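Enquirer: Pasting a structure below so you can have a look.
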Amino acid sequence: MGNTIKFVQGNEACVEAALYAGLDFFAGYPITPSTEIAELLAYRLPQIGGKFIQMEDEIASLCAIIGASLTGRKVMTATSGPGFSLMQEALGYAVMTEIPCVIANVQRGGPSTGIPTHVSQGDINQARWGTHGDHAIIALTASNHQDVFAMTVEAFNLAETYRTPVILLFDEVVGHMREKLVLPAAGEIPLVDRLRTSVKEGVDYHPYLPREDGRLPMSDFGGVHRYNVTGLVHDMWGFPSTDPQTVHGLLRHLVDKLENRANEIARYREYHLEDAEIVMISYGSSARSALHVVENRRQRGERMGLLELQTLWPFPSEMVRQKCAHAKSVVVVEMNMGQIMQSVKLAVAHPERVFLANRIDSNFITPSDIMNILRIIQGKGV
Amino acid sequence: MAKPKLKRHHINRDWCKGCGICVELCPKKVLELDEQEKVTVARPQDCICCRLCELRCPDFAIEVETQE
Amino acid sequence: MAVKDYLRERFLPHMWCPGCGHGEVLGGLVRAIENLGLSKNEIVMVSGIGCSSRISGYVDFHTLHTIHGRALAFATGVKISRPELKLIVPMGDGDALAIGGNHFIHAARRNLDMTAIVMNNRIYGMTGGQFSPLSGENISATTAPYRTIDRGFDVVELAKAAGATFVARSTTYHVQQMTETIQKAITHKGFSVVEVLTQCPTYFGRKNKIGGAADMITWFKDNTTPIGSKAKQENAALIERGIFVQIAAPEYCEEYQKVVERATKGRK
Numbered sequence: 009m010g011n012t013i014k015f016v017q018g019n020e021a022c023v024e025a026a027l028y029a030g031l032d033f034f035a036g037y038p039i040t041p042s043t044e045i046a047e048l049l050a051y052r053l054p055q056i057g058g059k060f061i062q063m064e065d066e067i068a069s070l071c072a073i074i075g076a077s078l079t080g081r082k083v084m085t086a087t088s089g090p091g092f093s094l095m096q097e098a099l100g101y102a103v104m105t106e107i108p109c110v111i112a113n114v115q116r117g118g119p120s121t122g123i124p125t126h127v128s129q130g131d132i133n134q135a136r137w138g139t140h141g142d143h144a145i146i147a148l149t150a151s152n153h154q155d156v157f158a159m160t161v162e163a164f165n166l167a168e169t170y171r172t173p174v175i176l177l178f179d180e181v182v183g184h185m186r187e188k189l190v191l192p193a194a195g196e197i198p199l200v201d202r203l204r205t206s207v208k209e210g211v212d213y214h215p216y217l218p219r220e221d222g223r224l225p226m227s228d229f230g231g232v233h234r235y236n237v238t239g240l241v242h243d244m245w246g247f248p249s250t251d252p253q254t255v256h257g258l259l260r261h262l263v264d265k266l267e268n269r270a271n272e273i274a275r276y277r278e279y280h281l282e283d284a285e286i287v288m289i290s291y292g293s294s295a296r297s298a299l300h301v302v303e304n305r306r307q308r309g310e311r312m313g314l315l316e317l318q319t320l321w322p323f324p325s326e327m328v329r330q331k332c333a334h335a336k337s338v339v340v341v342e343m344n345m346g347q348i349m350q351s352v353k354l355a356v357a358h359p360e361r362v363f364l365a366n367r368i369d370s371n372f373i374t375p376s377d378i379m380n381i382l383r384i385i386q387g388k389g390v
Numbered sequence: 015m016a017k018p019k020l021k022r023h024h025i026n027r028d029w030c031k032g033c034g035i036c037v038e039l040c041p042k043k044v045l046e047l048d049e050q051e052k053v054t055v056a057r058p059q060d061c062i063c064c065r066l067c068e069l070r071c072p073d074f075a076i077e078v079e080t081q082e
Numbered sequence: 044m045a046v047k048d049y050l051r052e053r054f055l056p057h058m059w060c061p062g063c064g065h066g067e068v069l070g071g072l073v074r075a076i077e078n079l080g081l082s083k084n085e086i087v088m089v090s091g092i093g094c095s096s097r098i099s100g101y102v103d104f105h106t107l108h109t110i111h112g113r114a115l116a117f118a119t120g121v122k123i124s125r126p127e128l129k130l131i132v133p134m135g136d137g138d139a140l141a142i143g144g145n146h147f148i149h150a151a152r153r154n155l156d157m158t159a160i161v162m163n164n165r166i167y168g169m170t171g172g173q174f175s176p177l178s179g180e181n182i183s184a185t186t187a188p189y190r191t192i193d194r195g196f197d198v199v200e201l202a203k204a205a206g207a208t209f210v211a212r213s214t215t216y217h218v219q220q221m222t223e224t225i226q227k228a229i230t231h232k233g234f235s236v237v238e239v240l241t242q243c244p245t246y247f248g249r250k251n252k253i254g255g256a257a258d259m260i261t262w263f264k265d266n267t268t269p270i271g272s273k274a275k276q277e278n279a280a281l282i283e284r285g286i287f288v289q290i291a292a293p294e295y296c297e298e299y300q301k302v303v304e305r306a307t308k309g310r311k
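Residue numbers (the working numbering), protein chains in the order written: chain D, 9 to 390; chain B, 15 to 82; chain G, 44 to 311.
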């Protein structure tokens, strides 16, 4: 009722969702194929009194939004492959200091400059392990614009809930493709606001002392509580510590707060999985082709289903294992050399039944590409 | 304005690292390092209360208190 | 308030070596803030990585100890988000001008209202005495066992060229002037840069046989001169100190408000 319908690029859907979620600070640097996100926000944010700044590089962009987040704003940056590489150190800083922020990486072909204008899903493992040291991360993705919207809002919600950077791993096809987007009405999707401390002025505030539920209430920088934030291992006050117990405790906290909640954080869609003998697992734009194949083969009576992952990290191992429990074969459809397939193999009971249907030549993987690979897997010849 | 008159030097021995900046740069050679390499006021009567020792001490270990 | 009221006394004595000039800069900075009568709640200090950057741990402000070279980028985010806060960004020479050089010139270009203090001891102290882009030629360092051939930056000239609207230099010998300069820099509306020549007796002094901390401080007295002095005309090698630039120019946060006005015109 009263919903606005738009015909937009995925990057525009991401912008609409970010604004819906309460984004009011963006810093970025131009890079294909994510640039439209910055361009649109340069137009939209000043209209609502929000802040937009074009920084001198991607490193500075992520640093700037982390600083702004600390003062209480909902923040985001957007980039693509090489820019995402540059952000890795600051990403680790946001993990370590537990500062909420959203980073959209509209993936393009790599490594290095690669193929800026073509599609790839080659940054999946970089999102997981690009920054150094043991840590956990949240990465979400989507295959269509309605889900781009939903997952972008989700990214802001999860960032605030868990005080963590959240990565949106879109790809060039989703980012640039135009399709219908129904803008949800205000209040239709619940939003998570920042959990702020109830500690009064003059009473000791411990910025890194978790509550019983594991959450850490924040105090806006520049407010009544003065405290320290550092990328060094720190104690509950935020001051550097080398005490082994503190080091161990902090690392466990950073990893456990997400990995132990992998089920809660798991977002996914499933199609015809109930009796599927062939379970396809895909995500992002490649899931569109996989879905096409599934719908097509179902009509011919083949027991085929699709598990479309929207949460890539923390990897929802338990859910994937359950969904694949009765599969004769699991086919992972992605546009890289098997980055999610590795995690699927680790998750399922029969890793020898997991196959890869991929394309890495910068072209979008089509339903017939997948069909050709399926014929080989099924022993039907090329 | 009358010249300030010294009341006393406050030395924080826990913070003094014995770098000797105050000793060497005191215009009146009021200060010395003791056998533990901590600053000590050897000739308070020569102090002109210029406070340069206090201002140059990297460790906040000296304060020059003057009489009102 | 007394100087110590601005410090987190429980962390003193600080971690810097005996005779390190960074403690003097900390003292000068805190005295400047005391003289200005600023409230602790309105100050955000952002620092990077290195000996100098540990300064943020010792002051009782909002303190953000970030990553190497990026302090100004973090500070930019804080300032644009909350323009009413006072931003003070102390950096080491390698931090500010090697790994952080890009952020330094762009922060100066934007003219955001914040104060950058370059604590220049011409060496990487935390990692054990490697030369920096401010060491200059013919300097001994652990990564220059045969002495440096790299030319050094002139922080003042660089800041001027990049568009900083307040540029000054002082030393740890001239502590009173240093405090006054930092005070003026904080008061200045726009991007202010204060280079403070400071001593690292542990690495720079020892490696280059300049002597102890007091000798190094005395070197600053003997080798610097007020801007445009007669001594400078007679000896070009002397390093000038004082305020080089102090001009009024549009400040970034205020200019951004104009963008908001243009964007919202005819709306609402």
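Glycine is no exception: its CB is placed at the ideal position from the N, C-alpha and C atoms.
Treat the numbers as computed from the prediction; the structure is a model and nothing was measured.
Could you confirm whether any beta carbon from chain D is found closer than 8 Å to the beta carbon of G:L240?
Expert: no
Enquirer: Between the C-alpha atoms of B:R22 and D:R171, what's the straight-line distance to the nearest angstrom?
Expert: 52 Å
Enquirer: Going by DSSP in three states, D:A72 sits in which element: helix, strand or coil?
Expert: In the structure shown, D:A72 sits in a helix (DSSP, three-state: H, G or I).
Enquirer: If we cut at 8 Å on Cβ distances, does B:I35 have a partner in chain G?
Expert: yes
Enquirer: Taking all protein chains shown into account, decide if D:Y51 is buried (16 or more other Cβ within 10 angstroms of its Cβ) or exposed.
Expert: exposed
Enquirer: DSSP on G:F54, reduced to helix/strand/coil?
Expert: helix
Enquirer: Beta carbons nearer than 7 Å to chain B: which residues of the segment 219-241 of chain G have them?
Expert: Q219
Enquirer: Quick one: using the 10 Å Cβ neighbour count with 16 as the cut-off for buried, is D:N236 buried or exposed?
Expert: buried
Enquirer: Name the chain G residues that come within less than 8 Å of D:R81, Cβ to Cβ?
Expert: S124
Enquirer: For G:P133, write down the residues that DSSP places opposite it in a beta bridge.
Expert: G:I160
Enquirer: Compute the Euclidean distance between the alpha carbons of D:F1 and G:E298, then round it to the nearest angstrom.
Expert: Shown here, chain D extends from 9 to 390; a query on residue 1 of chain D therefore has no answer.
Enquirer: Look up D:K188 in the DSSP assignment and say whether it is helix, strand or coil.
Expert: strand
Enquirer: Looking at the unbroken alpha helix (DSSP H) that takes in D:A35, where does it start and where does it end?
Expert: Where D:A35 is concerned, there is no enclosing alpha helix (DSSP H), although the beta strand (DSSP E) it sits in stretches over 33-36.
Enquirer: Just checking my contact of G:I229 with G:L69 at CB under 8 Å: how many whole Å lie between their CB atoms?
Expert: About 15 Å; that fails the 8 Å criterion.
Enquirer: Determine which residues of the segment 176-202 of chain G have a Cβ less than 7 Å from any Cβ of chain E, and write them out in chain order.
Expert: Looking at the structure shown, chain E is missing, and the protein chains on hand are D, B and G.
Enquirer: Just curious, the alpha helix (DSSP H) that D:Y101 is in, first and last residue?
Expert: 96-105
Enquirer: Alpha carbons only, please: which of D:V241, D:D264, D:G246 is nearest the one belonging to D:Q253?
Expert: D:V241
Enquirer: Please name the residue in G:K227, G:L140, G:P188 whose C-alpha comes closest to that of G:T158.
Expert: G:K227
Enquirer: Which runs of the beta strand (DSSP E) at least 3 residues long sit entirely within the segment 230-296 of chain G? Give them in chain order.
Expert: 234-240, 267-269, 282-289
Enquirer: Identify the continuous alpha helix (DSSP H) that holds D:L48 and give its terminal residues.
Expert: 43-52
Enquirer: I'd like the span of the alpha helix (DSSP H) that includes D:H214, first residue to last.
Expert: Run containing D:H214: none; DSSP gives neither H nor E here.
Enquirer: Tell me, to the nearest whole angstrom, how far the beta carbon of G:A292 is from that of G:T224; I am working on the premise that it is less than 8 Å.
Expert: G:A292 to G:T224, Cβ: 19 Å. No contact.
Enquirer: Tell me, please, whether the segment 80-100 of chain G touches the segment 49-68 of chain G by the rule of three or more beta-carbon pairs shorter than 8 Å.
Expert: A contact exists between the segment 80-100 of chain G and the segment 49-68 of chain G.
Enquirer: Within 8 Å of any Cβ in chain D, is that where the Cβ of G:L107 sits?
Expert: yes
Enquirer: What number of angstroms, rounded off, separates the C-alpha of B:C36 from the C-alpha of G:P126?
Expert: Straight-line Cα distance between these residues: approximately 40 Å.
Enquirer: Just checking D:E44 against the ligand MN - is the residue's beta carbon closer than 7 Å to any of the ligand's heavy atoms?
Expert: Questions concerning the ligand MN fall outside what the structure shown contains, since it holds no ligand whatsoever.
Enquirer: Answer yes or no: does any C-beta atom of chain B fall closer than 8 Å to that of G:I98?
Expert: Chain B, which has no Cβ nearer than 8 Å to the Cβ of G:I98, makes this no.
Enquirer: From the DSSP output, which residues share a beta bridge with B:R22?
Expert: As DSSP reads the structure, B:R22 sits in a beta bridge with B:E79.
Enquirer: Starting from the Cα of D:Y276, find the closest Cα among D:F229, D:P324, D:D243 and give me that residue.
Expert: Distance check between D:Y276 and each of D:F229, D:P324, D:D243 places D:P324 closest, using alpha-carbon atoms only.
Enquirer: In chain G, which residues lie less than 8 Å from D:K59 when you measure between Cβ atoms?
Expert: I123, S124, Y299
Enquirer: Mind pulling the chain G residues with CB within less than 7 Å of B:L69?
Expert: Going along chain G in sequence order, the residues near B:L69 (Cβ under 7 Å) are G70, V218, Q219.
Enquirer: So the candidates are D:A284, D:G18, D:T160, D:T149; which of them puts its Cα closest to the Cα of D:A335?
Expert: For the options D:A284, D:G18, D:T160, D:T149, the alpha carbon positioned closest to that of D:A335 is the one of D:A284.
Enquirer: Closest Cβ-Cβ distance between G:A207 and chain B: below 8 Å?
Expert: no
Enquirer: Using a Cβ-Cβ cutoff of less than 8 Å, which residues in the same chain neighbour B:P58 once the five nearest sequence positions on both sides are dropped?
Expert: L20, R22, H23, V44
Enquirer: Just verifying my parser: in three-state terms, what is the DSSP assignment at D:E24?
Expert: Here DSSP, grouped into helix, strand and coil, assigns D:E24 to helix.
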